[in-house]
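Notes follow the structure.
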């Protein structure tokens, strides 16, 4: 059985490196302005991390729930605002489970991008 602590190390390091571009001062300023961390969410989206649970056929990464959890864990560990990321990463599950094929082809690629 592979060592679980090393199984997702590449994901951890890549997400950690991206999050390091957004120091705590960035999040304090967003909070003080009662804003939304648009640049942070955009960077995670462009890197493909927030499309982790979207199947590749719809433009996502096609990763599993464990990998998605590792991504969110690293965002939290970095001091980032993972609350802003949950909607994009997890809420599209309703569309995956209950949406028509036409809806999936219409919306999932846009969520992934």
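In this note's numbering, the protein residues as written are 1 to 113.
Glycine included, each C-beta is placed from N, C-alpha and C at the ideal position.
Remember, predicted model here, so these are calculated numbers, not experimental data.
Element boundaries [alpha helix (DSSP H), containing residue i]
i           : result
residue 24  : 24-32
residue 112 : 101-112
residue 46  : 38-46
residue 84  : 83-90
residue 9   : 9-19
Option nearest residue i by Cα separation, candidates the options
i          : options           : result
residue 72 : 30, 41, 35 and 26 : 41
Sequence-distant residues of the same chain with beta carbon closer than 7 Å to residue i, five excluded per side
i          : result
residue 70 : 8, 11 and 12
residue 49 : 15 and 71
Integer Cβ distance of residue i from residue j, believed to fall under 8 Å
i          : j          : result
residue 63 : residue 53 : 7 Å
Same chain, Cβ closer than 8 Å to residue i, neighbours up to 5 away in sequence not counted
i          : result
residue 93 : 53
residue 21 : 43
Sequence-distant residues of the same chain with beta carbon closer than 6 Å to residue i, five excluded per side
i          : result
residue 51 : 60, 61 and 112
Inter-stretch contact (C-beta, 8 Å, three-pair minimum) for the stretch 59-75 and the stretch 94-112: yes
Count Cβ pairs between the stretch 15-29 and the stretch 75-83 that sit closer than 8 Å; are there 3 or more? yes
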